[in-house]
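Input: a single structure, listed below in structure tokens.
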Amino acid sequence: MQAKDVMTSPVITVALDTPVPDIAELLLTHRISGLPVVDQDGRAVGIISEGDLLRRVETGTDRPRARWLEMLVGRNVQAADFLKTHGRCARDVMSRPVHGVAPDAEIAEIADLMEDKRIKRAPVLVDGRPVGIISRANLLHGLLRNRRGAAGFGVSGDEAIRAALLEALDGQSWVDLDRINIVVNDGVVQLWGMVDSEEQRRALHTAASGVSGVKRIEEHLNRNRFVG
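Residue numbers (full-length UniProt numbering): 1 to 228.
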């Protein structure tokens, strides 16, 4: 599944000189938590979220730093903070750089980006121009849409189910396939063997449940008493 499959489109944007009150009204009216800021050519140059408007002088929510902390962060950071709380338009309060993705970016890639950059949304860009936006909620919707056959095997028949499960487990460092035996009978997966922990047992169950065609899972797994 790719960005174009789960993104919200068309995307609502604002210009660099859009006043802060107008931005707040857009967020509330459209029930969104963030939007891209675009330049005169329509290219994304920043992102504004609810968090960027959280502390404002108009609402009395701005919070000055302690004097000793101001000395540590330096004047540039202080000036940036002042713009966040007192700025009048999008260019003053937006966050940058823009961490965008292509329409054909895989969902896993987008999830990695959000985790790595600690962001909650990413615009979908074509030639720098936003054609959609993906939030964490969009990724959850993608998970629901793809929950049937989430592993992507699309197999049928007992032999095919077993082969697909073995393929899913192949190369996984947390499982020792020499100690696990998988039997499939009329769509029922039987797991036999030895595991080292409850997490391993649950992981095996999850892997089996992700294979299309599995009707039920029966566990006959023993815990290794000599591990943890």
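Built from N, CA and C at the ideal position, the CB exists for glycine as well.
{"query": "DSSP puts S95 in a beta bridge; with which residues?", "result": "I47"}
{"query": "With distances taken from CA atoms, which of H205, K215, V214, G210 is nearest L221?", "result": "H205"}
{"query": "Spatial neighbours of V183 within its chain, please: CB distance less than 6 Å, with the 5 preceding and 5 following residues excluded, ordered by chain position.", "result": "Q190"}
{"query": "Can you tell me where the beta strand (DSSP E) holding H205 begins and where it ends?", "result": "That residue, H205, is in no beta strand (DSSP E); its alpha helix (DSSP H) goes 198–209."}
{"query": "Under 8 Å, with one C-beta from each stretch per pair, do the region 159–175 and the region 128–142 reach the 3-pair mark?", "result": "no"}
{"query": "To the nearest angstrom, report how far apart M194 and L113 are at their CA atoms.", "result": "36 Å"}
{"query": "I need the DSSP call for H30, collapsed to helix, strand or coil.", "result": "coil"}
{"query": "Use the C-beta contact count for P97: other C-beta atoms within 10 angstroms, 16 or more gives buried, fewer gives exposed.", "result": "exposed"}
{"query": "Given 8 Å as the limit, is there contact between the region 118–135 and the region 26–44, that is, 3 or more CB pairs closer than that?", "result": "yes"}
{"query": "Does L191 come out as helix, strand or coil in the three-state DSSP assignment?", "result": "strand"}
{"query": "Output the boundary residues of the alpha helix (DSSP H) element that contains I12.", "result": "Where I12 is concerned, there is no enclosing alpha helix (DSSP H), given that its DSSP letter is neither H nor E."}
{"query": "Report buried or exposed for G34, applying the criterion of at least 16 other Cβ atoms within 10 angstroms of its Cβ.", "result": "buried"}
{"query": "Using the beta-carbon count (16 or more within 10 Å), is P123 buried or exposed?", "result": "buried"}
{"query": "In whole angstroms, give me the CA-to-CA distance for E106 and A208.", "result": "23 Å"}
{"query": "Please confirm whether any heavy atom of the ligand FMN lies closer than 7 Å to the CB of R121.", "result": "What this structure holds is no ligand at all, so the ligand FMN is not there to describe."}
{"query": "Considering Cα atoms alone, identify which of C89, E219, A3, S212 is closest to I110.", "result": "A3"}
{"query": "Quick one: residues in its chain with C-beta nearer than 6 Å to the C-beta of D5, no 5 flanking neighbours on either side, listed in chain order?", "result": "none"}
{"query": "Please list the terminal residues of the continuous alpha helix (DSSP H) segment that includes A111.", "result": "107–117"}
{"query": "Count the other CB atoms within 10 Å of the CB of K215; is the residue buried (16 or more) or exposed (fewer)?", "result": "exposed"}
{"query": "So what's N222 in DSSP terms, helix, strand or just coil?", "result": "strand"}
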